[in-house]
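Accompanying notes for the structure given below.
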Amino acid sequence: VTGTARTCLVTGASRGIGEAVARTLSDAGHRVALTGRDEEALHKVAAGLPGPALTYAGDLTLGSTVDDLFTHVEAAWGPVEILVANAGIAHSAPLEKTSDEMWEEHLAVNLTAPFRCLRRALPGMRAAGFGRVVVTASVASKTGAPYVCAYTAAKHGVLGLVRSAAAELAGTGVTVNALCPGYVDTGITDAAAATVARATGSDEETARQRLAGLQPLRRLLRPEEVAAMVPPLLENESINGQGIVLDGGGVQS
Ligand SMILES: NC(=O)c1ccc[n+]([C@@H]2O[C@H](COP(=O)([O-])OP(=O)(O)OC[C@H]3O[C@@H](n4cnc5c(N)ncnc54)[C@H](OP(=O)(O)O)[C@@H]3O)[C@@H](O)[C@H]2O)c1
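To convert, take the position in the sequence shown, counting from 1, and add 82; that gives this note's numbering.
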């Protein structure tokens, strides 16, 4: 895609990894549509991008949002060529305390929304004979950890979606891959540190250090380090159906 300005859609672009991905794509000369629920935050991110940007605020767990979002982007720029399904939530609780609501919310945001976005993006990508889909999954797509059963189930599920889609679309010009980071320095990790602090009676900074210390790199990843993996996936059609782990060497499958 070098040298060609593409129409990109990044979900969860209001902050964190999605914001960094939006900036990376914009720096590379692409048109970037940003979505999330916080309209003000989206405008702020869009205003800081060097290239064309548009925003659409909506809750991806609502069935109608995905279609409305794509219709909005298509009206402005035509079909989405690069989809980064990044929006996600991560709350922790012991299994017995994981409510139906918590379970369903994780599946809705982290699994069903990427499925609906991919399904909605595909006709345009197939017609063009070109498409790139990148899902922000997690090391939790590949391995289990305690107190995050809903998150882990949803993230394993979304990697299954990526693998099946890639097998189905092989040879069409459309690739589907996942990035699987360990802990990244974003709001999700701040919230995880707050939960650890409450559970262990420590302060939040100590809890953050503890989470960082669990990483093979002994530090949190920067959102930009995750975003930097998107351009290679756009360039190379031979990378398809992969869940690429970004954790410094811990999870190796
Ligand atoms: N941080 C980590 O350690 C880590 C590690 C591995 C994987 N990941 C994955 O990376 C992705 C991005 O997370 P992050 O760390 O950048 O977290 P973040 O800073 O909390 O960002 C999450 C993004 O998702 C959006 N979002 C959440 N619920 C939504 C909904 N119902 N509808 C629409 N948008 C929604 C949020 O926007 P609004 O709140 O404005 O809606 C926000 O833009 C997630 O899929 C996460 O699971 C993160």
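We put the beta carbon where it would ideally sit given N, CA and C, even for glycine.
Residue 113 carries a strand assignment under DSSP once its states are collapsed to helix, strand and coil. Below 8 Å, enough C-beta pairs join the region 191-202 and the region 242-252 to call them touching: three or more. Scanning 221, 212, 117 and 171 for the CA closest to the CA of residue 331 turns up 221. Residue burial is scored here from C-beta neighbours: residue 181 has fewer than 16 other C-beta atoms within 10 angstroms and is therefore classed as exposed. The closest heavy atom of ligand 1 lies less than 7 Å from the beta carbon of residue 269. In this structure the region 160-180 does not lie against the region 132-140, because fewer than three pairs of beta carbons, one per stretch, are closer than 8 Å. Closest option to residue 116, judged by alpha-carbon separation, among 289, 264, 293 and 94: 94. By the neighbour-count definition (other C-beta atoms within 10 Å, threshold 16), residue 165 is a buried residue. Assignment of residue 219 by DSSP, reduced to helix, strand and coil, places it in the coil class. Contact between residue 215 and residue 261 does not hold, since their C-beta atoms are separated by about 12 Å, which reaches or exceeds 8 Å. Three or more beta-carbon pairs separated by less than 8 Å are not found between the region 173-192 and the region 122-132, which leaves the two stretches without contact. Counting the other CB atoms within 10 Å of its CB gives residue 146 a total below 16, which places it among the exposed residues. Taking the Cα of residue 118 as reference, the smallest distance to any Cα among 142, 109 and 89 is reached at 142.
Runs of the alpha helix (DSSP H) lying entirely within the region 218-295, each at least 4 residues long, are 231-251 and 269-282 in chain order. Straight through space, the alpha carbons of residue 207 and residue 100 are spaced by roughly 21 Å. The continuous stretches of alpha helix (DSSP H) do not include residue 162, and DSSP gives it neither H nor E.
The Cβ-Cβ distance between residue 302 and residue 267 falls below 8 Å. Following the DSSP letters along the chain, one finds residue 206 inside the alpha helix (DSSP H) bounded by residues 195-210.
With a 10 Å radius around the Cβ and a threshold of 16 neighbouring Cβ atoms, residue 192 comes out buried.
Taking residue 185 as the centre and dropping the five residues before and after it, the same chain places the C-beta of 232 closer than 6 Å to its C-beta, in chain order.
Buried is the label assigned to residue 322, since at least 16 other Cβ atoms lie within 10 Å of its Cβ.
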